[in-house]
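Chains as they are written, first to last, in this note's numbering: chain A, 1 to 299; chain B, 1 to 372.
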């Protein structure tokens, strides 16, 4: 509307509702943001391998070896899935990975909360020094500590047992760091009020701090789940001669040699190994968005 | 219920900042005591030491005769209301109220009874199942009060509990607090920087500055007989006008104004005149000229800022961000005067004012102590 247009009284009921800041009106030559020209090809690049994997898992072996790749096989061979499940003993692999992953996630939630709370709120001698020392270890790559950790695990007699996958990962520095930083953002008055109300340190952690940290705990659980579920190098090093202790990722690798790399079965097994991750992300997405920690304060 | 005694209490923070210096103070059983002072004066630190949220560097705090220096907060049996309310955001109002009792393993039927009593008393019965995020500011404030009351503590500690409320609600809650205290008679220590809360709520007020107690007494007494120039400038709203004056030969001279003052030793003094103490002076009678600069009509009174001949007095720790230069220029000092609505002056007008004998306060310029 130009400034000279005649302004008349309008009935508010006829107007559309509006929100948002005032922005200079822009002439739009596209019905969407130009950024889509960058984002769409990137999304295609990201999704292509996944789609290809899904397609290959439903093809015959010959079709998977065809070049250029066949993106629509005609008939979908769902039978690849049960075949792959049996051939790779996926049931056992899933169970092992589930045991390892759930134990590691739970122990990380418990131990990182305890350590994180101590670093965030309890004053003790050398707190800052120990904290920074721990953070420094984040910068040491896995390859550097692989052999020492292997030797420790070996001396504990855990090689070829699930314990080898669990014990070194019971707590990790990233989790401690993340929770410490999150706990520091919680209003300290809440804890002081609980102290005056008669709560001990531990019950403050359990009844006040942890319930308010649900988003951070969920994030940590998701990240830890992903790391443990997808870990390949460490299981490869420590599970040597015991097929009964293999995880999904090891099983998938073993698939290649043992069965002359039946690509369609391998891809079917791959898709199955991804499902738990997919389900988890769909379920836990809301935890990243929601933050309830400051609702009880002045508003 | 119990009395709370501070005996030579000192608090030094790491790095050497002295928050409370040698504070000795007795809060009687059932008394409502106000700790008041400008921000950074140590009043909140003093309260937190009673609660056990801060360690005591030196001295002793006793609650009900028991030395509590080394007792953790939960063993002190005090309840506190925080400025931010500090309600547990993930719990319903009911669970917020019951939290302290549950921590103390109170019997379930007893918890229910007390939560019901307190929520009736504070009008929270309808809100018990809501979360703090779903409450208005005033309702949150009530829940915070309720959480403290439900414990039936020995002493009640309030840290600026009304400062997050809007003006109307604050007036209402102030009256309610006074009613509650009259009914329950719990020993209460109340921290505020608000003049009106300090004057209206307390049985006695303790004025603090730089961690040190300046004066302790009933509000009216502190207002009428300030012990030193700091208290004079702090208590009362708008604050007392403080001006440099000279005492000689039984009278005080400040610019044009000459007041009789017997028994005051000669030399420099600080003259204090409350905005409400001025009277219009007829022509020819002793008085001084006041030039009107800003007029603030408040309905029942008119607060007028303007200039008189003289020099303003600066009180360290009190004037804070108000610079002396703002209140003084070229031999003139800014003062504040209250007028009746019928006497409304015009901006720029020169008004002859007088100060009745007996309305002036005098303080030693060197020590700041009240004279006479």
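Ideal Cβ positions, reconstructed from N, Cα and C, are used throughout, including at glycine.
Please list, in chain order, all residues of the same chain as residue 90/B whose beta carbon is under 8 Å from its beta carbon, the five residues on each side excluded. 131
Quick check on DSSP: helix, strand or coil for residue 6/B? strand
Please state the DSSP three-state secondary structure of residue 347/B. coil
Distance, Cα to Cα, residue 63/B vs residue 101/B? 20 Å
Keeping to the same chain, check which residues put their C-beta closer than 8 Å to that of residue 357/B; ignore five residues upstream and five downstream. 259 and 260
Who are the Cβ neighbours of residue 270/B in its own chain at under 6 Å, not counting the five residues just before and after it? 229, 242, 313, 363 and 365
Have a look at residue 159/B and residue 300/B and give me their C-alpha separation to the nearest angstrom. 31 Å
Within this structure, are the beta carbons of residue 195/A and residue 153/B separated by less than 9 Å? no
Excluding sequence positions up to five away, which residues of its chain have a Cβ less than 8 Å from the Cβ of residue 368/B? 228, 229, 230, 270 and 315
Beta-bridge pairing of residue 187/B - partner residues as DSSP gives them: 155/B
Reference residue 67/B; option with closest CA among 81/B, 52/B and 79/B: 52/B
Boundaries (first-last residue) of the beta strand (DSSP E) holding residue 293/B: 288-297
Minimum Cβ-Cβ distance from residue 121/A to chain B less than 9 Å: no
Just curious, the alpha helix (DSSP H) that residue 361/B is in, first and last residue? Unbroken run through residue 361/B is the beta strand (DSSP E), 360-364; no alpha helix (DSSP H).
Beta-carbon proximity check, residue 273/B vs residue 359/B, cutoff 9 Å: yes
For residue 344/B, go through chain A and note every residue whose CB falls closer than 9 Å to its CB, in chain order. Here the premise fails: no neighbours, minimum Cβ distance about 39 Å.
So for residue 315/B, helix, strand or coil by DSSP? coil
Return the Cβ separation of residue 216/A and residue 179/A in integer angstroms, given the expectation that the two are a contact with Cβ distance under 8 Å. 6 Å
Under 8 Å by Cβ, that's how I've got residue 168/A and residue 185/A pegged, so tell me the actual separation to the nearest angstrom. Not confirmed; about 30 Å, so no contact.
Inspect the beta-carbon positions of residue 306/B and residue 293/B and report whether they are closer than 9 Å. yes
Curious, which full-length alpha helix (DSSP H) runs of at least 4 residues does the stretch 48-112 of chain A contain? 61-65 and 80-87
Go ahead and pull the three-state DSSP assignment for residue 105/B. coil
Chain A contact for residue 111/B (CB, 9 Å cutoff): no
Output yes if chain A places a C-beta closer than 9 Å to the C-beta of residue 181/B; else output no. no
According to DSSP, simplified to helix, strand and coil, what is residue 219/B? helix
Proximal residues, the stretch 196-230 of chain A versus chain B, C-beta separation under 9 Å: 196, 197, 198, 199, 200, 203, 207, 208, 211, 212 and 214
Residue 86/A and residue 264/A: beta carbons closer than 9 Å? no
Among 280/A, 50/A and 273/A, which has the Cα closest to the Cα of residue 92/A? 273/A
Per DSSP, what are the beta-bridge partners of residue 369/B in this structure? 228/B
Within 9 Å (strictly less), CB to CB, does residue 73/B reach chain A? yes
Exposure label - residue 166/B; buried when at least 16 CB within 10 Å: exposed
At a CB-CB cut-off below 7 Å, which residues of chain A make contact with residue 104/B? 198
Find the nearest neighbour of residue 8/B within the set 143/B, 29/B, 191/B and 69/B, judged by alpha-carbon distance. 69/B
Within 10 angstroms of its Cβ, does residue 279/B collect 16 or more other Cβ (buried), or is it exposed? exposed
Using only alpha-carbon positions, find the residue among 224/B, 236/B, 196/B and 121/B that is nearest to residue 183/B. 121/B
Residue 108/B: buried (16+ other C-beta within 10 angstroms of its C-beta) or exposed? exposed
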